[in-house]
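Residue numbers (our numbering): 308 to 681.
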Ligand SMILES: [Zn+2]
């Protein structure tokens with residue numbers, strides 16, 4: 308169930324600020340009715356929403372892992388949910404006031420919520436903000452293309468759509484033995500690209516095209532409920548020759564669930580992905596990499612191989628594609644190969660990927676796709 312609180316403040320903090328959610332909700336209810344302190348209450352509400360936006364950006368920026376970000380309790384979805392719950396124009400307007408002053412890169416953190424139909428109906432600035440983000444992505448893309456073209460004129464493939472070919476090899480995995488792969492046994496100069504949390508209705512297919520142009524096969528760890536929503540995209544990924552593993556049904560933190568619920572998440576996730584993609588690949592990835600001894604053993608008992616990663620692109624937080632690309636290069640410098648984690652649900656990932664591939668070619672890398680051992 309969704310928490311209805313505005314961010315994660317202790318009751319002491321709320322008292323110190325003279326704010327309680329109940330008080331705010333009452334204030335919201337009282338608006339429109341007569342009252343001398345309406346203006347003050349609206350101002351409190353507006354300040355509270357702005358504070359939550361700031362906390363959300365801060366929590367995302369300072370989290371070291373996606374799990375830490377998830378646990379912060381300041382996800383954009385919660386802020387928008389709260390604003391919808393208030394059911395008053397002042398709350399939506401306060402949200403707009405808060406979002407309007409953000410930089411483009413910060414605003415992008417809220418993109419999915421801004422684009423969401425149920426929010427767009429309530430939030431008056433949604434269309435304007437969507438236009439702004441569209442411009443942001445266009446200029447980010449142009450900026451990367453310019454940097455790449457000026458630094459490496461011979462690599463200017465992404466604008467002209469010249470096909471770049473990267474070596475791609477298969478590495479068999481004996482899933483029945485229940486192995487756990489972190490670096491995945493890869494040598495210097497070998498890399499396995501992995502994409503989690505999709506399929507995404509607007510982004511996954513574009514990633515497929517970029518990978519196809521480079522002759523690269525990758526591994527996708529799809530979320531069951533996403534494949535239920537977009538089965539045709541899940542199938543498209545498998546038909547393009549990529550491996551489609553599973554990533555639970557609803558992407559929970561499995562160690563927090565009862566054994567029964569965790570097992571059900573894992574099983575139903577695998578079933579949904581198999582049904583949608585048309586292939587049942589015994590490859591699994593723990594959401595947030597969160598696991599324990601019991602869960603490791605359960606995966607093993609199911610005859611599944613479990614994949615972690617030794618390189619994190621941090622694309623769940625780096626919303627400027629050139630910063631994301633720099634992060635990937637730094638990870639390549641540090642690790643020299645292995646399994647890298649991306650997500651096919653973020654715009655910055657789609658924009659940066661051609662340049663990541665370009666970089667891999669420049670470094671002479673071979674791409675690896677794991678396949679179940681026959
Ligand atoms: Zn995930």
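We treat Cβ as the ideally placed atom computed from N, Cα and C, and that holds for glycine.
query, result
"Beta-carbon spacing of residue 529, residue 580 below 7 angstroms", "yes"
"Bounding residues of the beta strand (DSSP E) (the contiguous stretch that carries residue 677)", "673-679"
"Touching by the beta-carbon criterion (3+ pairs, under 8 angstroms), the stretch 390-407 and the stretch 649-657", "no"
"Whole-Å CB distance - residue 576 paired with residue 556, under 8 angstroms assumed", "4 angstroms"
"Inter-stretch contact (C-beta, 8 angstroms, three-pair minimum) for the stretch 624-644 and the stretch 491-507", "yes"
"At least 3 beta-carbon pairs within less than 8 angstroms: the stretch 509-525 vs the stretch 484-492", "no"
"Contact under 7 angstroms by Cβ, residue 552 with residue 593", "no"
"Nearest-angstrom Cα separation, counted from residue 660 out to residue 385", "30 angstroms"
"Closer than 6 angstroms: residue 504 CB and nearest ligand 1 heavy atom", "yes"
"Proximity to residue 372 [Cα-Cα], best of 667, 681, 674 and 649", "649"
"Straight-line Cα distance separating residue 489 from residue 630", "25 angstroms"
"Proximity below 7 angstroms, CB of residue 561 to CB of residue 602", "yes"
"Rounded straight-line distance, which links the Cα of residue 524 to that of residue 474", "10 angstroms"
"With 16 other Cβ atoms within 10 Å as the buried cut-off, status of residue 568", "exposed"
"Residue 672 versus residue 635: straight-line alpha-carbon distance, rounded", "14 angstroms"
"Nearest candidate by alpha-carbon position, reference residue 412, set 439, 676, 477 and 455", "439"
"Any non-hydrogen atom of ligand 1 within 6 angstroms of residue 594 CB", "yes"
"Neighbour flag for residue 669 against chain B, beta carbons, 7 angstroms", "Of the chains in the structure shown, none is chain B; there is only one protein chain."
"Same chain, Cβ closer than 7 angstroms to residue 598, neighbours up to 5 away in sequence not counted", "561 and 562"
"Per-residue burial, residue 365 [other beta carbons within 10 Å of its own, 16 or more giving buried]", "exposed"
"Whole-number beta carbon distance between residue 550 and residue 505, since they are thought to touch under 8 angstroms", "Contact doesn't hold; Cβ gap of about 13 angstroms is too wide."
"For residue 572 and residue 535, the rounded distance between their alpha carbons", "14 angstroms"
"Every unbroken alpha helix (DSSP H) within the stretch 601-639, with a cutoff of 4 residues, ordered by chain", "none"
"Closest by C-alpha distance to residue 546, when choosing among 558, 583 and 429", "583"
"Burial state of residue 627 (16 or more Cβ within 10 Å)", "buried"
"Cβ pair count under 8 angstroms reaching 3, the stretch 389-399 against the stretch 441-451", "no"
"Contact test: residue 523 Cβ vs ligand 2 heavy atom, cutoff 6 angstroms", "Only ligand 1 can be found as ligands here, which leaves ligand 2 out of the picture."
"Start-end ranges of the alpha helix (DSSP H) lying completely within the stretch 535-608, minimum 4 residues", "538-546, 566-584 and 600-608"
"Collapsed DSSP secondary structure at residue 471 in the structure displayed", "coil"
"C-beta atoms of residue 382 and residue 352 nearer than 7 angstroms", "no"
"First and last residue of the uninterrupted beta strand (DSSP E) at residue 526", "526-529"
"Cα-Cα separation between residue 378 and residue 559, rounded to whole angstroms", "11 angstroms"
"Anticipated Cβ contact below 8 angstroms, residue 472 with residue 522, distance rounded", "5 angstroms"
"Close beta carbons around residue 369, own chain, < 8 angstroms, minus the five adjacent residues each side", "none"
"C-beta atoms of residue 647 and residue 611 nearer than 7 angstroms", "no"
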